[in-house]
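Q: According to the numbering used here, the stretch in the sequence shown is residues 300 to 682, in order.
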Amino acid sequence: MWAAGVWLALMPAWTQAETPPEPRYVISKAQHVDAACLERLVRQQEDGSEPLDASRLKRFKEHLHTCGWPTLPSSGRRGVDAAANLLLRASADDAFQEQIIDLAQERIGVDLDAFGYAWLNDTIQLQHGRPQQFGTRVAVEDGRVALSPQPEKTPRFWRDFLGLPPVEEWLAGLQAMLDAGGTLGTAELSPPLAMETYQPFTQPELRRLVGRMINRDQDARAEAVAAMRQGDEDRRNALDRQIAEIDVENRISLRDIFEKHGFPTPEMIGRDGVSSVFLLVQHADDDPDFQARALALAEPLMQRRGMSRQQYAMLTDRVLLARDQPQLYGSQYKVEQGKVVVLPLADPENVDARRAWMAMGTLASYLDAVARQVGASVESGGN
C-alpha cells in the first residue's frame, strides 16, 4: 500500500539504469508452515556465505516465484531471516533487491522488525555505493560509537517515518552501554529481520478500504500532473474537478472511520495505512476544523511514534495558519522577491527545541534547504 501513498513518493530513486522489470513477486499467503518451501530456503541460505553467483541467484528468484516472500506463518523466523540473508547476498542484481525491499515493507510491524528492515535496507544501499538511509550501520573508533559510513544527509526523517528513535538518542544509548563495559552485539550490528511474534492487522477490511481510497486519490492526482505536463488544459480542469469530488468523498469516509475507530493505528492497518490516512487528511485543506479534529485524534499515536512526527508537525502548522494563528514549527513559508520568508511563527526563540522533539532539524537548516530547492535566499532574521 505504501507504493500508492507517501512512502513511494519519499523513497529515493535507485540509481539502477533502465532495465526490463523483474517479474512480479508476492508475499506468501500460506497460513501454516510450508515445510518443503522452508527446507529449500534454508538449504539455499546454508550453501555458502559469499554473494550469490548467477545460478544460485536464479534459484533464489525461482523459490520466491514458487513460494512467495516468507512470513512468520509460512516459514517462521528461521525462514524469514534466511530470506533476508539471501537477499543481502543477491547484490549482483540491484533491481531485484529493490523490488523485494519494496515488497517487504508492508510487513513491517506484522512480522518484520522495523529496525531490522532499516538495517537491511541500509546495507543494500551501501553495497551499491549509496549512502545509508536510516542510519543503522555503526562502528566503534577510539571508544566512540558513530554511524559508519556517515550519511550525506541526516537520517532523521526516515527513522521518524518508521517510528525509530532519533539517531542522536539511539547513538547515545549505545555509547552509554559501551561506557558501562558492554559491547555491541548482533542486535546492533546485524539485527534479525523477523519479529519474535506474528502481529497481523487487527482491521484488515479497514486497511483494504484505506488502500482503495489512497489509490483513487493518487491515481487522479497523477493523471492531473500528466495532463499539466502535456499542456492539456481541458483535461487538467476536468481532473481538478474530479479530484475535488474525490477529496469530499474521502473526507466523508474518514469521518465515518474516525467515528468507528478513532485515528487508525499501525496495529489496525499498518504504518503504511496510517501514513495514507494522514495524507488523505492533508488533502482536506479547505476544512481546517476537520484537520484539527484529525490532529487531536492522532496526537496519542504521534506521541508513541506510531506515525511520523514531522508530518504531524507540518499539518499542525498549516491548521494554525488557516485559523489565523502563528505556526509552531516554522514549516510553512512563502517566497517573496527571491527570498524565503517564514510565515508567522510563535515563540521563535524556542522553535528549534520544538522542532527537535518532532524529529526535525533546525529551522535555519530547513530554510537553507528550501532556498536551494527553489533558487532563492533566506530572508535575514526570517527564523
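Glycine included, C-beta positions come from ideal geometry on N, C-alpha and C.
1. Where in the region 544-611 do unbroken runs of the alpha helix (DSSP H), each at least 4 residues long, occur, reported from the N-terminal end onward?
2. Does the region 447-459 come close enough to the region 556-569 that 3 or more CB-CB pairs lie under 8 Å?
3. First and last residue of the alpha helix (DSSP H) that includes Gln-397?
4. Of all the options Trp-656, Ser-489, Leu-538 and Gln-330, which has the alpha carbon lying nearest to the alpha carbon of Gln-609?
5. Could you compute how far the alpha carbon of Glu-522 sits from the alpha carbon of Arg-617?
6. What's the call for His-331, buried or exposed, on a 16-neighbour Cβ count within 10 Å?
7. Count the other C-beta atoms from every protein chain shown that fall within 10 angstroms of the C-beta of Val-673, then say buried if there are 16 or more, exposed otherwise.
8. By DSSP, does Arg-443 sit in helix, in strand, or in coil?
9. How big is the Cα-Cα spacing for Lys-408 and Thr-501?
10. With burial defined as no fewer than 16 other Cβ atoms inside 10 Å of the residue's Cβ, what is the status of Ala-668: buried or exposed?
11. Within a Cβ cutoff of 6 Å, which residues of the same chain sit near Ala-593, ignoring the five residues on either side of it in sequence?
12. Exposed or buried, Glu-598, counting other C-beta atoms within 10 Å across all chains shown (16 or more means buried)?
13. Between Leu-411 and Met-494, which are expected to be in contact by the criterion C-beta below 8 Å, what is the C-beta distance as a whole number of angstroms?
14. Would you report the Cα separation of Ala-389 and Asp-346, rounded to the nearest angstrom?
15. Beta-carbon within less than 7 Å of Phe-359's beta-carbon, same chain only, minus the 5 sequence neighbours each way: which residues are those?
16. Checking contacts by CB at 8 Å: is Asn-514 closer than that to chain D?
17. Tell me whether Trp-313 sits in a helix, a strand or coil according to DSSP, three-state version.
18. Looking only at its own chain, which residues have a Cβ that is under 7 Å from the Cβ of Gln-590, when we skip the five neighbours before and after it?
19. Assuming Gln-426 contacts Pro-450 (C-beta within less than 8 Å), just tell me the rounded distance between them.
20. Could you tell me if Asn-549 is buried or exposed, where buried requires 16 or more neighbouring beta carbons within 10 angstroms of its beta carbon?
21. Should the region 628-638 be regarded as contacting the region 481-498, the criterion being three or more beta carbon pairs within less than 8 Å?
22. Taking only runs that begin and end inside the region 612-676, name each unbroken beta strand (DSSP E) of 3 or more residues, in chain order.
23. Between the alpha carbons of Ser-373 and Arg-515, how many angstroms are there, rounded?
24. If I follow the unbroken alpha helix (DSSP H) through Ala-525, where does it start and stop?
25. With a Cβ-Cβ cutoff of 8 Å, do Ala-519 and Gln-498 count as a contact?
26. Which term fits Arg-654, buried or exposed, when burial requires 16 or more other beta carbons within 10 angstroms of its beta carbon?
27. Can the beta-carbon of Phe-414 be found less than 8 Å from the beta-carbon of Leu-371?
28. Which residue marks the beginning of the alpha helix (DSSP H) containing Met-494, and which one marks its end?
A: Considering the structure as presented:
1. Considered as a whole, the region 544-611 harbours 565-581 and 587-602 as its complete alpha helix (DSSP H) runs of no fewer than 4 residues, in chain order.
2. no
3. Checking the sequence shown, residue 397 turns out to be Glu, not Gln. In the DSSP assignment, Glu-397 falls within the unbroken alpha helix (DSSP H) covering 393-403.
4. Comparing alpha-carbon positions, the option among Trp-656, Ser-489, Leu-538 and Gln-330 lying closest to Gln-609 turns out to be Trp-656.
5. 26 Å
6. exposed
7. Val-673 comes out exposed.
8. Of the three classes helix, strand and coil, the one that applies to Arg-443 here is strand, per DSSP.
9. Reading the sequence as shown, one finds Gly at residue 408 and not Lys. Going by the C-alpha atoms only, they are around 12 Å apart.
10. Around the beta carbon of Ala-668, fewer than 16 other beta carbons lie within 10 angstroms, which makes this residue exposed.
11. Same-chain partners within the cutoff: Val-580.
12. exposed
13. 6 Å
14. 13 Å
15. Correct list, in chain order: Gln-343, Leu-351, Leu-385 and Ala-389.
16. Absent from the structure: chain D. Only one protein chain is present.
17. Because the pLDDT at Trp-313 is just 33, under 50, the model does not fix this residue reliably, and the value given afterwards should be weighed accordingly. Three-state DSSP puts Trp-313 in coil, outside helix and strand.
18. Val-580, Ala-583, Leu-614 and Val-618
19. With 8 Å as the limit, Gln-426 and Pro-450 do not qualify as a contact, their Cβ atoms being about 15 Å apart.
20. buried
21. no
22. The qualifying runs are 632-635 and 638-641.
23. 32 Å
24. Run containing Ala-525: 503-528, per the alpha helix (DSSP H) assignment.
25. no
26. buried
27. In this structure, Leu-371 does not lie closer than 8 Å to Phe-414 by Cβ.
28. It is not in any alpha helix (DSSP H) - Met-494 carries neither H nor E in the DSSP assignment.
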